[in-house]
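Student: No gaps in the numbering here: position 148 of the sequence shown is 1540 in this note's numbering, and each next residue is one more.
Here a beta-carbon is modelled for each residue, glycine too, at the ideal position from N, C-alpha and C.
The structure displayed is predicted, hence computed values, not measured ones.
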Amino acid sequence: MLRFAHTADVHLGRAFGYLGDSASAHQERLKRAFQRVFTQAQAHGCALVLIAGDLFDSPSVGREWVAFALQTIADARLPTVVIPGNHDPAERHPFRDAALPSNLHFLAETGRLRLPTLDVEIVACPAGDAVRWETALRRDPHGAPLQLALTHGSMPAAGIQGAIQPAWIGASGLDYVALGDWHSPQEWTQGQTVCWYSGAPEMILPRQRLPATMCLVDLQQGQPARVSHLPTGEARYPDSAPDGILTCDVSPYRDAQGLLHDLSAMLTPETVATIRLVGRWNADEPLDAATLAEYLQPRCLWLEVQPAYQAGELTPRTPFEDLLTQLAQAYESRAPQDAALYREAAQLSLYLLRGGRL
Ligand SMILES: [Mn+2]
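1) From the DSSP output, in three-state form, read off Ala-1528 for me.
2) Which first and last residues belong to the alpha helix (DSSP H) in which Gly-1650 is found?
3) Pull the bridge partners of Cys-1438 from the DSSP assignment, please.
4) Could you give the distance in angstroms between the alpha-carbon of Asp-1343 and the alpha-carbon of Ala-1519?
5) Would you say Asp-1449 touches ligand 1, meaning its beta carbon is less than 6 Å from a heavy atom?
6) Report, in whole angstroms, the separation of the C-beta atoms of Ser-1679 and Leu-1688, which I expect to be a contact under 8 Å.
7) DSSP three-state label for Asp-1730, please.
8) Within the 7 Å Cβ cut-off, does Pro-1518 reach chain D?
9) Using a Cβ-Cβ cut-off of 8 Å (strictly less than) and excluding sequence neighbours within five positions of Asn-1495, which residues of its own chain qualify?
10) If you measure from the CB of Asp-1635, is any heavy atom of ligand 1 nearer than 6 Å?
11) Any heavy atom of ligand 1 closer than 6 Å to the CB of Asp-1446?
12) How would you call Ser-1564, buried or exposed, if buried means at least 16 neighbouring beta carbons within 10 angstroms?
13) Ligand 1 and Asp-1480: does the residue's C-beta get closer than 6 Å to at least one heavy atom of that ligand?
14) So what's Ala-1465 in DSSP terms, helix, strand or just coil?
15) Looking only at its own chain, which residues have a Cβ that is under 6 Å from the Cβ of Val-1697, when we skip the five neighbours before and after it?
16) At the level of alpha carbons, what is the spacing between Glu-1736 and Cys-1640?
17) Distance, Cα to Cα, Tyr-1568 vs Ala-1604?
18) With DSSP as the reference, please indicate the residues paired to Trp-1673 in a beta bridge.
19) Comparing the CB of Asp-1401 with every heavy atom of ligand 1, is any distance shorter than 6 Å?
20) Ser-1576 to Pro-1708, Cα distance in whole Å?
21) What do you reckon, are the CB atoms on Asp-1446 and His-1398 nearer than 7 Å?
22) Whole beta strand (DSSP E) runs in the segment 1474-1549 with 3 or more residues, listed along the chain?
23) Taking the alpha carbon of Ile-1556 as the reference point, which residue from His-1485, Gly-1545, Gln-1584, Phe-1430 has its own alpha carbon closest?
24) Counting Cβ pairs closer than 8 Å, one from the segment 1434-1448 and one from the segment 1534-1550, do we hit at least three?
25) Suppose the cutoff is 6 Å on Cβ atoms and the five residues either side in sequence are ignored; what does the same chain contact list for Thr-1717 look like?
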């Protein structure tokens, strides 16, 4: 039996501008996730590590990122196979001119590699070379007992034509195809050939499945590959929100402070959340989603606030607010057909006077 680790889309060296002050901490998280791929591989007795493209975020990442990747791979001492992705294409890949450790097999072109000590044969299908993939994705009847492929590109999806066709996988006769490009894990098994996008080992963009994982694959001759998923990333949804969407009923709150307090308690520096505010906001002060997001953002990795609540009716509290309301009522009685408009104008005036934003 052959047991191996499959990851892709590590994106080492990514800047993470959208994370603001948390960007450099998240770059460190990416490094830890990459190291975790190897520690998990070792802990589970893997004989091989596959990295299906986009190991680096760009061909021009700083030299320290390249040195880090090479050192991590060398230290792990496991045979490791890397192909270029669309972010780190073959012609300008950082590994091209680097001195590679002996356990690293960098396959820059479409082709085959045989690792005799493992009885395994590997087909490389790097990004940008899709015209050669259909013929390359084939079992060699005279080849090694176990045969697998690494491919970096998109399957057909809504609005995307796709660089790979599922039919190529089905017709390949290979034991496993390790896909890279999509950042959430997804299965594309066709017929006898088990096929997965491993997903990125840490969050690259918030819209991917969290926590990020890697694939652990067991391959036995004549049997379908068995795949399990091991966590590698630290970015995660709140405990109470398995899909990342935290629904919060604002009705019981009498001020924004109490709401902020309760929401803050659910956040950590690793939290990624969409907070959906529902119910009726009954407090005197306006509830402003943008202000709320500004306050909560430094308390987590990333969040979005979705205002889906209804605002309760505001009643005048000061002589000036009284005057505004009476004015609107006077207009309303003169033009009853526009009553709704005047009422809305009066409510909006009170909202803005109390510091609300549009
Ligand atoms: Mn990618």
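Tutor: Let's see:
1) helix
2) From DSSP, the alpha helix (DSSP H) with Gly-1650 extends over 1648-1656.
3) DSSP lists no partner for Cys-1438.
4) With the chain running from 1393 to 1750 in the structure shown, residue 1343 is simply not present.
5) Asp-1449: no, Cβ never under 6 Å from ligand 1.
6) What sits at residue 1679 in the sequence shown is Leu, not Ser. Between Leu-1688 and Leu-1679 the Cβ distance is about 13 Å, and since that is not below 8 Å, they are no contact.
7) In the structure shown, Asp-1730 adopts helical secondary structure according to DSSP, grouped into three states.
8) Absent from the structure is chain D; it holds one protein chain and no more.
9) Ile-1465, Ala-1466, Ala-1468, Arg-1469, Leu-1470, Pro-1471, Thr-1472
10) no
11) yes
12) Classification of Ser-1564: buried, given that the 10 Å Cβ count is 16 or more.
13) no
14) Before going further, note that residue 1465 is Ile rather than Ala in the sequence given. Helix.
15) Ile-1667, Ala-1681, Leu-1684, Ala-1685
16) Approximately 26 Å, taken between the alpha carbons.
17) 21 Å
18) Ala-1703
19) yes
20) 51 Å
21) no
22) 1496-1498, 1503-1507, 1512-1517, 1538-1544
23) Answer by Cα proximity: Gly-1545.
24) Short answer: they touch.
25) Pro-1708, Ala-1738
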